[in-house]
Amino acid sequence: MKCVPLNRLFLLALSGAFLLSSTPVFAETIELTFSSPFPVQQVITGKVIKPWIEEIEKASGGEVKIKLFPAGALGKAPEQFDLAEKGIADMSYHLADYTPGRFPLTSVFSLPFMPPTGQKVSEAMWKTFEKEPKYQEEYSKVKVLALFGHAGGHFHTVKTPIRSMADFKGMKMRTANPAISKALTLWGAVPVAQPITETYQSLQLGVLDGSALPYEGIVVFKLNEVTKFTTLADLYTMPMMIVMNKKTWDSLPKNVQELIDNTTGLKMSAAAGKAFDDAEKPFREISMKKGIEEIALDPSELAKMQDITMPLRDEWAMEMEEKGLPGKEVLKTALSYTNE
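Residue numbers -27 to -1, 1 to 313, in mature numbering (1 follows the signal peptide of the UniProt record, and there is no 0), belong to the letters of the sequence shown in order.
Below, the structure is given as structure tokens:
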């Protein structure tokens, strides 16, 4: 057996150690799923979620990969929150009004005439969430990434234009939520709760006389093909959310959690609201090209409509208090932020 000098053994061991230490260690790719009930043509899915996914993947240097499942590929619209809570999807985009009663305090933002703009009401939603512990409890089973709403919804009708509150009498109007149903009743209309996916046919067949939606909604669901009049009102918004499965969140490395935190929260909420605001002008133009007549209510008439609905706010607060929830406090907080 040939003897190897001790000094050569030392050099060989040293070079081996150097080779081992210089071998790159590749972090395992983190693969996440994101579910949306809507196609990528929809404002939030296409203008907020998709770009955010691209931003996270790029900023993480490829450490994070997120696969988007749009158009309800993983579940129907009312199931989206459950998808994230149960871990069927790591993240999801959900509309609170699609699961009535599940987010009672969140429904403060469904009250009539709450949204000055989509961005403003979205910022108010996030700030209210941050300030009110009981509000936070509605989302205790998930990690909340964003809370937001669309620009104010208007009235779109088929045959009869709405030029004053008196024109609502007897009109069958698709309603957005229970609070808007109460407002429509106060004005003399007949509210009809119905999925937006069924509204086109109902308007076409005369089952409905009209619907309350932002311009984005009537274009996405093609209601501008059957409606002829739009009365501006900025009546309501629909509270929405982007949430993540808690176990998924807890399993992420700290650097990835920081990256997500830095790109969501108030920043994403405001961006989502602004995306809805920005969409109103082009969608309005599309509707105008269809020949729809746009009607601006006389300020005194609009003020009359608003005044009649104001008691609904106190009524909502009392309903929450009867459930043991701080309705008065949450209403006060929500109004303070929407009016900033």
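Cβ atoms here follow ideal geometry from the backbone N, Cα and C, with glycine treated the same way.
Euclidean distance between Cα positions of residue i and residue j
i, j, result
"Lys20", "Asp251", "10 Å"
"Ile281", "Gly161", "12 Å"
"Lys59", "Tyr188", "34 Å"
"Lys262", "Thr210", "25 Å"
"Ser(-6)", "Pro88", "Unreliable placement is indicated for Ser(-6), whose pLDDT of 38 sits below 50; no coordinate value is reported for it."
"Tyr310", "Ala97", "5 Å"
"Leu47", "Phe11", "11 Å"
"Gln92", "Leu304", "19 Å"
"Glu72", "Ser33", "Position check: residue 72 holds Thr in this sequence, whereas Glu was assumed. C-alpha separation (whole angstroms): 34 Å."
"Ala156", "Leu285", "8 Å"
"Phe256", "Glu1", "43 Å"
"Val149", "Glu27", "It should be noted that the sequence gives Ala, not Val, for residue 149. Answer to the nearest angstrom: the Cα atoms are 32 Å apart."
"Thr306", "Tyr108", "11 Å"
"Leu41", "Leu159", "42 Å"
"Lys132", "Lys38", "50 Å"
"Ala152", "Phe128", "15 Å"
Whole-angstrom C-beta distance between residue j and residue i, which should lie under 8 Å
i, j, result
"Met126", "Ser95", "The identity of residue 126 in the sequence shown is Gly, whereas the question assumes Met. The pair is not a contact, with the Cβ atoms about 15 Å apart (cut-off 8 Å)."
"Ala185", "Arg136", "At roughly 16 Å, the Cβ-Cβ gap does not stay under 8 Å, so Ala185 and Arg136 are not in contact."
"Gly183", "Thr130", "4 Å"
"Val163", "Met144", "7 Å"
"Phe202", "Pro134", "4 Å"
Heavy atom of the ligand MN within 7 Å of residue i beta-carbon
i, result
"Lys142", "Looking at this structure, you won't find the ligand MN or any other ligand, since it has none at all."
First through last residue of the beta strand (DSSP E) which encompasses residue i
i, result
"Lys38", "Val37 to Phe42"
"Ile61", "Note, Ile61: premise wrong, no beta strand (DSSP E); not H, not E."
"Glu4", "Ile3 to Ser8"
"Pro164", "Val163 to Ala166"
"Leu205", "Phe202 to Leu205"
"Ala269", "Glu266 to Ala269"
Per DSSP, the bridge partner or partners of residue i
i, result
"Met217", "Met64 and Lys116"
"Gly183", "Thr130 and Met146"
"Phe121", "Met213"
Span of the alpha helix (DSSP H), counted from its first residue to its last, around residue i
i, result
"Pro272", "Pro272 to Thr282"
"Asn228", "Lys227 to Thr236"
"residue 344", "What is shown of the chain runs -27 to 313, which leaves residue 344 out entirely."
"Ile153", "Pro151 to Leu159"
"Pro24", "Lys23 to Ala32"
"Ser80", "Here Ser80 belongs to no alpha helix (DSSP H), and DSSP marks it neither H nor E."
is_contact[residue i, chain D] using C-beta, thresh 8 Å
i, result
"Ala119", "The structure shown has no chain D; it contains just one protein chain."
Subject >> Cβ contact check for the segment 55 to 74 and the segment 7 to 15: 3 or more pairs under 8 Å >> reply: Yes, the segment 55 to 74 touches the segment 7 to 15.
**OP:** State whether the segment 214 to 231 contacts the segment 101 to 119, with contact taken as three or more CB pairs (one from each stretch) at a distance under 8 Å.
**Re:** Below 8 Å, enough C-beta pairs join the segment 214 to 231 and the segment 101 to 119 to call them touching: three or more.
Original post:
Given 8 Å as the limit, is there contact between the segment 293 to 305 and the segment 77 to 90, that is, 3 or more CB pairs closer than that?
Top reply: Three or more pairs of CB atoms, one per stretch, sit closer than 8 Å, so the segment 293 to 305 contacts the segment 77 to 90.
Original post:
Is there contact here, the segment 158 to 176 with the segment 219 to 232, by at least three beta-carbon pairs under 8 Å?
Top reply: Cβ pair count under 8 Å is below three, so no.
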